[in-house]
Structure formats: structure tokens, C-alpha cells
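Here the structure comes first, spelled out in C-alpha cells, and everything after it is commentary.
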Amino acid sequence: MAERPREQAAVAARIEAVLEAERRARAAVAAAEAEGRALVAAARAQARRILERGEARLTAARERAEGRVAGRVAALEEQARLLAGPVAVDQATRERLAAAARRLAGELTGGAP
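Take any residue in the sequence shown, count from 1 to its spot, add 116: that is its number in our numbering.
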């Protein structure tokens with residue numbers, strides 16, 4: 117009968133060892149869950165930073181493009197304004213145009229230029 121308390125003590129010790137292992141396992145699972153949550157939070161923060169940086173780069177690129185387009189439109193409008201007005205023609209240019217018109221008329225009518 118002396119062995120019975122000893123056996124009971126051994127069984128109790130093994131049960132306690134199993135319970136301690138279970139406590140350690142639960143603690144490890146809780147730590148892993150916390151680490152997982154921290155990793156997810158860090159990944160989300162990084163994704164936000166990447167998104168914000170991408171949006172900033174797109175905004176800057178769009179603003180640069182809009183600036184270039186606005187400059188080009190202004191230049192074209194100025195060019196159109198200049199072309200819409202009267203053109204100054206000097207006497208030599210008038211004479212060349214008249215001669216070209218006479219030659220063309222001669223070619224079209226079959227007459228001498």
C-alpha cells in the first residue's frame with residue numbers, strides 16, 4: 117500500500133507536467149497570435165504608405181503634364197492669334213507673289229507666262 121501514494125504522486129506529477137505543457141502551449145499560441153496581429157498591422161501600414169506615395173507620384177506627374185499641356189496650348193493660341201491678324205508683306209514679296217500668279221495663270225490658260 118505504500119506504493120499506492122507513490123503511484124498517485126507520480127500520476128499527479130505527470131498530470132501537472134501535462135497541464136504545464138498545455139499552459140506553455142496556450143501562451144505560445146497567444147504570443148503567435150499577437151505577433152501575427154502585429155505583422156498584419158505593419159503590413160497594412162506599409163501598404164498605406166505605398167498607396168500614399170503612389171498617389172503623390174501620380175498627382176505630381178499629372179500636374180507636370182497639365183503644366184506642359186497648358187504651356188503648349190498657350191503657345192498655340194498665341195501662334196493662332198498672330199496668324200489671324202494681318203500679315204505684313206513687303207514690296208519684294210508682293211512682286212514675287214504677282215509673278216507667281218501670272219505664271220500660274222499662264223500655265224492654266226495655256227498662254228505665255
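Every residue, glycine too, gets a C-beta built ideally from N, C-alpha and C.
(message) Within a Cβ cutoff of 7 Å, which residues of the same chain sit near G187, ignoring the five residues on either side of it in sequence?
(response) Counted from its first residue, the sequence shown places residue 187 at position 71. No residues qualify anywhere along the chain.
(request) Could you spell out where the alpha helix (DSSP H) holding P121 opens and where it closes? (result) One-based indexing of the sequence shown puts residue 121 at position 5. Looking at the DSSP string, the run of the alpha helix (DSSP H) that includes P121 is E119 to A200.
(message) What does the alpha-carbon distance come out to for the pair V203 and A176?
(response) The residue labelled residue 203 in the question sits at position 87 within the sequence shown. The residue labelled residue 176 in the question sits at position 60 within the sequence shown. Between V203 and A176, the C-alpha separation is close to 41 Å.
(message) Measuring only the C-alpha atoms, how far is R180 from V189?
(response) The count along the sequence shown starts at 1 and reaches residue 180 at position 64. The count along the sequence shown starts at 1 and reaches residue 189 at position 73. Computed Cα separation, rounded: 14 Å.
(message) Going by DSSP in three states, G222 sits in which element: helix, strand or coil?
(response) Position 106 of the sequence shown, counted from the start, is the residue given in the question as residue 222. Helix, per DSSP.
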